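Novice: Here the sequence shown stands for residues 9 to 73, numbered as in our numbering.
Have a look at this one before I ask anything.
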Amino acid sequence: IQLLGHLLQCTWNTIDQKIWDKISFANIKTSDVKKILSLGKDVGPGKNPSPETVAEIKKILLAIS
């Protein structure tokens, strides 16, 4: 849960708030969550995801909005 929260926080910083507010997290699929978590395999305390990883997570989130 901490990893997912960290990945979403880092991605939130790159998405306009009005767009973020329209993302329907209630409609996120288990496969989307698994994909996001798999993208964060190298992320940990003191190590943020790469810009490429954040861009991939952003694509996933914008697809469910």
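No residue lacks a Cβ here, since even glycine has one placed at the ideal position from N, Cα and C.
Keep in mind that this is a model prediction, so the values were computed, not measured.
Measure from the alpha carbon of A63 to the alpha carbon of each residue in W20, G13, Q10, K26, then state which is nearest.
Specialist: For A63, the nearest C-alpha among the options comes from W20.
Novice: Measuring alpha carbon to alpha carbon, tell me which residue in I27, P53, F33, L45 is nearest L12.
Specialist: Of the listed residues, the one whose Cα sits closest to L12 is L45.
Novice: Per DSSP, which residues does K55 bridge with? Please list them.
Specialist: In the DSSP output, where bridge partners are listed per residue, K55 has G52.
Novice: When the distance is taken between beta carbons, is K67 closer than 8 angstroms to T22?
Specialist: No; because the gap between Cβ atoms is not below 8 angstroms, this pair is not in contact.
Novice: Hey, would you say L15 sits closer than 8 angstroms to P59, going by beta carbons?
Specialist: No, the pair does not count as a contact, with Cβ atoms beyond the cut-off.
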